[in-house]
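S.K.: Residue numbers (the working numbering): 1 to 95.
Here a beta-carbon is modelled for each residue, glycine too, at the ideal position from N, C-alpha and C.
1. From 73, 59, 63 and 71, pick the residue whose C-alpha is nearest to that of residue 82; which is it?
2. Measuring straight from C-alpha to C-alpha, what distance separates residue 87 and residue 70?
3. Helix, strand or coil for residue 6 per DSSP?
4. So if DSSP puts residue 59 in a beta bridge, which residue, or which two residues, is it bridged to?
5. In whole angstroms, give me the CA-to-CA distance for residue 24 and residue 78.
6. Beta carbon of residue 3, beta carbon of residue 41: below 8 Å?
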(Lines of atoms letter the chains of each structure in order from A and count residues from 1; the text may use other names and numbers.)
(Lines give C-alpha, C1' and ligand atoms only; values in the text may rest on other atoms or scores of the structure.)
Protein backbone atom coordinates (compact mmCIF):
# COMPACT_ATOMS: atom_id res chain seq x y z
CA UNK A 1 0.00 0.00 0.00
CA UNK A 2 1.19 3.54 -0.72
CA UNK A 3 2.18 5.63 2.25
CA UNK A 4 -0.55 7.89 3.57
CA UNK A 5 -0.06 11.64 3.26
CA UNK A 6 0.78 13.49 6.47
CA UNK A 7 -1.52 16.51 6.71
CA UNK A 8 0.05 19.86 7.52
CA UNK A 9 -1.35 22.95 9.23
CA UNK A 10 -3.66 24.69 8.27
CA UNK A 11 -5.45 21.69 6.70
CA UNK A 12 -9.03 21.88 8.06
CA UNK A 13 -9.18 18.09 8.51
CA UNK A 14 -6.81 18.52 11.46
CA UNK A 15 -9.56 20.42 13.32
CA UNK A 16 -12.16 17.65 13.12
CA UNK A 17 -13.19 16.11 16.43
CA UNK A 18 -11.81 12.57 16.64
CA UNK A 19 -14.24 9.82 17.50
CA UNK A 20 -13.55 7.09 20.05
CA UNK A 21 -12.86 3.62 18.70
CA UNK A 22 -15.56 1.28 20.09
CA UNK A 23 -13.86 -1.93 18.90
CA UNK A 24 -10.46 -2.82 17.46
CA UNK A 25 -11.33 -4.16 14.02
CA UNK A 26 -9.18 -5.31 11.12
CA UNK A 27 -9.59 -1.82 9.62
CA UNK A 28 -8.20 -0.23 12.81
CA UNK A 29 -5.29 -2.70 12.83
CA UNK A 30 -4.55 -1.81 9.20
CA UNK A 31 -4.69 1.91 10.02
CA UNK A 32 -2.24 1.38 12.90
CA UNK A 33 0.15 -0.55 10.62
CA UNK A 34 -0.07 2.21 8.00
CA UNK A 35 0.60 4.86 10.65
CA UNK A 36 3.66 3.01 11.95
CA UNK A 37 5.01 2.80 8.40
CA UNK A 38 4.45 6.54 7.86
CA UNK A 39 5.97 7.40 11.26
CA UNK A 40 9.22 5.58 10.42
CA UNK A 41 9.29 6.95 6.87
CA UNK A 42 8.99 10.60 7.96
CA UNK A 43 11.04 9.89 10.29
CA UNK A 44 9.29 10.66 13.54
CA UNK A 45 8.64 9.26 16.99
CA UNK A 46 4.86 9.57 16.96
CA UNK A 47 1.81 10.10 14.79
CA UNK A 48 -1.89 10.65 15.48
CA UNK A 49 -4.65 9.35 13.21
CA UNK A 50 -5.90 12.88 12.34
CA UNK A 51 -2.46 13.59 10.87
CA UNK A 52 -3.19 10.98 8.18
CA UNK A 53 -6.77 12.17 7.66
CA UNK A 54 -8.57 9.75 9.99
CA UNK A 55 -10.73 11.38 12.69
CA UNK A 56 -10.41 8.59 15.24
CA UNK A 57 -8.63 8.42 18.60
CA UNK A 58 -5.53 6.43 17.73
CA UNK A 59 -1.84 7.24 18.10
CA UNK A 60 1.39 5.40 17.43
CA UNK A 61 4.68 6.22 19.17
CA UNK A 62 8.19 4.84 19.34
CA UNK A 63 10.53 6.69 21.69
CA UNK A 64 13.20 3.99 21.30
CA UNK A 65 13.58 4.37 17.54
CA UNK A 66 16.62 5.94 15.89
CA UNK A 67 17.02 6.86 12.22
CA UNK A 68 19.30 3.87 11.63
CA UNK A 69 16.29 1.71 12.54
CA UNK A 70 18.23 -0.54 14.92
CA UNK A 71 15.69 -0.37 17.76
CA UNK A 72 12.01 -0.49 16.82
CA UNK A 73 9.43 -0.75 19.57
CA UNK A 74 6.21 0.81 18.25
CA UNK A 75 3.38 1.35 20.69
CA UNK A 76 -0.22 1.68 19.46
CA UNK A 77 -2.62 3.52 21.77
CA UNK A 78 -6.37 3.29 21.19
CA UNK A 79 -8.57 5.97 22.78
CA UNK A 80 -5.73 7.75 24.62
CA UNK A 81 -6.61 10.04 27.52
CA UNK A 82 -4.43 12.95 28.55
CA UNK A 83 -4.23 13.95 32.18
CA UNK A 84 -2.58 16.99 33.64
CA UNK A 85 0.44 15.79 35.64
CA UNK A 86 1.67 17.56 38.72
CA UNK A 87 4.92 19.45 38.34
CA UNK A 88 6.99 19.98 35.24
CA UNK A 89 7.98 17.48 32.55
CA UNK A 90 10.90 18.24 30.24
CA UNK A 91 10.96 16.47 26.86
CA UNK A 92 12.72 17.04 23.57
CA UNK A 93 10.36 17.97 20.74
CA UNK A 94 10.57 15.50 17.86
CA UNK A 95 9.38 17.67 14.98
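M.R.: Answer, in terms of the structure:
1. Ranking 73, 59, 63 and 71 by Cα distance to residue 82 puts 59 first.
2. 34 Å
3. coil
4. 48 and 77
5. 8 Å
6. yes
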